[in-house]
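Written out below as structure tokens is the structure these notes cover.
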Amino acid sequence: MMKLDKKILEEKIREYRDFKSCSESTLMGLCEAAEYPMSKAEMCKIACGFAGGIGGTFDEGTCGAVTGALIANGLVLDNPVKIKENAKEIFNSFKEKYGTVCCGKITNNGKDKSPCVDCCVFIANKVADLWDE
Numbered sequence: 004m005m006k007l008d009k010k011i012l013e014e015k016i017r018e019y020r021d022f023k024s025c026s027e028s029t030l031m032g033l034c035e036a037a038e039y040p041m042s043k044a045e046m047c048k049i050a051c052g053f054a055g056g057i058g059g060t061f062d063e064g065t066c067g068a069v070t071g072a073l074i075a076n077g078l079v080l081d082n083p084v085k086i087k088e089n090a091k092e093i094f095n096s097f098k099e100k101y102g103t104v105c106c107g108k109i110t111n112n113g114k115d116k117s118p119c120v121d122c123c124v125f126i127a128n129k130v131a132d133l134w135d136e
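Just remember that the numbering used here sits 3 ahead of the position in the sequence shown, which is counted from 1.
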């Protein structure tokens, strides 16, 4: 399907994560690397509600790296069957790697955001692999 440059993908995510949330950074990194025609401002509007485990709830909310990846997957791909298959793979591979998809468990309820960048890069690379199949 499409081959993303993982080095550029990681650079973009690390750069955005300095001042954007995980959901925004993952979505923007993937969409830009895939040359998806949407402005950064629009991507931020779509993704910002998913920051901090959905609205900053942390405790029960899904990790923004996962939600950002899911949004990008839905925007970039055209095939609903493939989108759903990838979504399951995105969810399962993240949960396998981190033991949970819950933002609060990964970040100690937002007190420790040190794992965040790596979560974003990990799942974006997974999406890149899925898009390359």
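Here a beta-carbon is modelled for each residue, glycine too, at the ideal position from N, C-alpha and C.
Given the structure is predicted, the values throughout are model-derived calculations rather than measurements.
Query	Result
Rounded separation between Asn128 and Leu12 - CA only	8 Å
Whole-angstrom C-beta distance between Val79 and Tyr39, which should lie under 8 Å	5 Å
Residue from Gly55, Asp132, Glu136 with nearest C-alpha to Ser28	Gly55
Paired residues, beta bridge with Cys105 - DSSP	Thr65
Coarse secondary structure for Asn111, derived from DSSP in three states	coil
Run of the alpha helix (DSSP H) containing Gly32, from where it starts to where it stops	25–36
At least 3 beta-carbon pairs within less than 8 Å: the segment 95–112 vs the segment 35–49	no
Classification of Asn18 by the beta-carbon crowding that lies within 10 angstroms, buried from 16 upward	As written in the sequence, residue 18 is Glu, which differs from the Asn given in the question. That one is exposed.
Top-ranked residue by Cα proximity to Lys116, from Ala37, Glu99, Lys98, Ala68	Ala68
Residue from Trp134, Lys91, Asp121 with nearest C-alpha to Ile16	Asp121
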